[in-house]
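Listed in order, the protein sequences are those of chains A and B. Taken in order, the first sequence gives residues 1 to 247; the numbers are from UniProt numbering. Taken in order, the second sequence gives residues 1 to 247; the numbers are from UniProt numbering. Every residue gets a Cβ at the ideal spot worked out from N, C-alpha and C, and that includes glycine. All values reported here derive from a predicted model rather than from experimental measurement.
2 protein chains.
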Amino acid sequence: MKRIKCKIAYDGTFFNGFQIQPKGRTVQAEIENGLKKLHKGSEIKIYASGRTDTLVHAKGQVFHFDTPLQIPLERWHNALQTVLPADISVIEIIEANDDFHARFDVVSKEYRYFVQRGRRIDIFRRHYRYFYPYQISVENMVKAANHCLGTHDFTSFCSAKTDKEDKVRTIYSIDIIEHEDELEFRFVGDGFLRNMIRILVGTLLEVGRGRRNSEDIVAVLSSKDRERAGHTAPGHGLFLWQVNYNN
Amino acid sequence: MKRIKCKIAYDGTFFNGFQIQPKGRTVQAEIENGLKKLHKGSEIKIYASGRTDTLVHAKGQVFHFDTPLQIPLERWHNALQTVLPADISVIEIIEANDDFHARFDVVSKEYRYFVQRGRRIDIFRRHYRYFYPYQISVENMVKAANHCLGTHDFTSFCSAKTDKEDKVRTIYSIDIIEHEDELEFRFVGDGFLRNMIRILVGTLLEVGRGRRNSEDIVAVLSSKDRERAGHTAPGHGLFLWQVNYNN
């Protein structure tokens, strides 16, 4: 048996999220079906760094699986791509140590969230950008974001649907970058709770728009009350950008 | 009656082309259905600058129609957008002269064609870029493109399915621009035949790749034989960019 570590990108538009569901097309099911074809009908289970929700994209999702196949490593890339649909792309595939685990070994993750500004929605970006046509103060958003850095209980920024008991996470950095008619949010942390990035972005945008004060975030965090935070920004603006492991 | 001139963008991915067909979703049918709603069930026919094929996009398609409605011009934009699907966007809507015609009054048109290069297809651009992962000489393509400028019989660069007798057209400019991992072709002309841009791009790419000589284009043009030209580049890389009228 070999343990294979694989990095993929996917366009979340036509997926019902990453994790296998009773209904709807999922990234995990497509990959496991593809692997089953390569393994002549044997079921192969994959273990990912974490799930992503409906409509959420990935540039660098990572998963591992074990295989008895003796395919040379350089052929794995094409072999796997051949059995995957057009909206999943193999970025890198390597042999990992036997004890590597794509979820438990995560050191940090980066998510990026993209907002389209301006008067009118650009239909060519409609599946990849959150259209937010309001005047925004980036300066006030940066102030608010800085209050979220470091280790906090993020209960206020977490969907009630989470299955995680421990809501303490560490955010290492939040960068807010202005492009021509876009805003890009970059979050790096040791891990993120369900909807956490999307609620952070929704809340920061409300600060940017002047609907709340940048200092307000401190009270929202300490309240541990989801109702105090802002709206959940839609999934289609979010990209799981990179998953970092030791070495 | 007022004559309305409207500029729209559409994402061709999920359309069976512009023109109404017995089967499949079309841009024209969606717009006429929307206008029918605004006109309380009356049929309104639209006249576009020309059709676009399946998968082809538009940034600046233009059409006109006549309406008895007394909607103030500033409200037309939102009124029409409201009855259109998410993959058609109203860019501009104005009142035109009674004798304006979106097809007959065209002075020139600009099409742009986009190619993605590199080792691997970028799934986030898969509906908007032609993936062509070969080494290319832009210099040789520019030489070949220059032979196509001016007035020629473009029979060699036209689909047999055309309904046009006269195959003489004038190309005013062809620009080939290199971006990071993309090539952009810009064509301005008085009009283009069916598949003409796509066959030109396919042929130019074959020149760029070294499969044909840049001088070869001269013989292809004068042969008036479609078999002599290159492959038809796929529709999803093509955008109807702009339609120009007098004033």
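- It is roughly 10 Å from the alpha-carbon of Glu-92/B to the alpha-carbon of Ile-4/B.
- When the alpha-carbon of Asn-97/A is set against those of Met-1/A, Gly-202/A, His-152/A, the nearest one is in Met-1/A.
- With a 10 Å radius around the Cβ and a threshold of 16 neighbouring Cβ atoms, Arg-198/B comes out buried.
- Residues of chain B with a Cβ closer than 7 Å to the Cβ of Asp-11/A are, in chain order, Ile-123, Phe-124.
- A distance below 7 Å between beta-carbons, with the five flanking residues on each side excluded, links Phe-14/B to the following residues of its chain, in chain order: Arg-25, Asp-87.
- The alpha-carbon of Tyr-47/B is positioned some 13 Å away from that of Asp-99/B.
- Taking 7 Å as the upper bound on Cβ-Cβ separation, chain B lies near no residue of the region 35-51 of chain A.
- For Glu-43/A, no beta strand (DSSP E) encloses it, and the DSSP letter there is neither H nor E.
- Membership of Ile-121/B in any alpha helix (DSSP H) is not indicated, and neither H nor E is assigned to it by DSSP.
- Within the model, the alpha-carbon separation for Arg-212/B versus Thr-232/B is close to 15 Å.
- Bridge pairing for His-57/A: Phe-239/A [DSSP].
- Against chain B, the beta carbon of Tyr-132/A has no neighbour under 8 Å; the closest one sits roughly 16 Å away.
- In chain order, Glu-32, Lys-36 place their CB closer than 8 Å to the CB of Glu-43/B, counting only its own chain and leaving out the 5 sequence neighbours on each side.
- Taking C-alpha positions only, Gly-118/B is separated from Glu-184/B by approximately 14 Å.
- Counting every other CB atom within 10 Å of its CB across the protein chains shown gives Lys-59/A a total of 16 or more, marking it as buried.
- Annotation for Gly-189/A: the continuous beta strand (DSSP E) segment containing it runs 182-189.
- Legend: CB atoms of the region 169-196 of chain B lying less than 7 Å from CB atoms of chain A are not found in any residue.
- The C-beta distance from Phe-192/B to Tyr-111/B rounds to 7 Å, short enough to meet the 8 Å contact threshold.
- With at least 16 other beta carbons inside 10 angstroms of its own, Asp-11/A counts as buried.
- Membership of Lys-7/A in the beta strand (DSSP E) is indicated by the continuous run 2-10.
- With the rule of 3 Cβ pairs closer than 8 Å, the region 102-110 of chain B does not count as touching the region 124-144 of chain B.
- Rounded to whole angstroms, the gap between the alpha carbons of His-127/B and Ile-123/A is 13 Å.
- His-77/B: member of the alpha helix (DSSP H) spanning 73-82, first to last residue.
- Listed along the chain, the chain A residues whose CB falls inside 9 Å of the CB of Arg-119/B amount to none; the nearest CB is some 10 Å away.
- Judged by DSSP secondary structure, Glu-178/B falls within the beta strand (DSSP E) whose first and last residues are 168-178.
- Contact annotation: in the region 77-89 of chain B, residues whose CB is within less than 8 Å of a CB in chain A are Ala-86, Asp-87, Ile-88, Ser-89.
- Here the alpha carbon of Asn-78/A sits roughly 15 Å from the alpha carbon of His-39/A.
- With a 10 Å radius around the Cβ and a threshold of 16 neighbouring Cβ atoms, Tyr-172/B comes out exposed.
- Around the beta carbon of Thr-151/B, fewer than 16 other beta carbons sit within 10 angstroms, so the residue counts as exposed.
- Contact between Arg-129/A and Val-115/A holds: their C-beta atoms lie close to 6 Å from each other, under 8 Å.
- Its chain contains Asn-140, Met-141, Lys-143, Ala-144, His-147, Val-207 as the residues whose beta carbon lies nearer than 8 Å to that of Ser-214/B, once the 5 sequence neighbours on both sides are disregarded; these appear in chain order.
- Asp-53/B is the residue among Ser-223/B, Lys-161/B, Asp-53/B, Asp-153/B whose C-alpha sits nearest the C-alpha of Phe-239/B.
- Shortest Cα-Cα distance from Pro-234/B to any of Met-196/B, Glu-74/B, Asp-216/B involves Met-196/B.
- Taken through DSSP and simplified to helix, strand or coil, Arg-228/A comes out as helix.
- At a cut-off of 9 Å, the C-beta of Tyr-113/B has no neighbouring C-beta in chain A.
- Closer than 9 Å to the CB of His-57/A there is at least one CB belonging to chain B.
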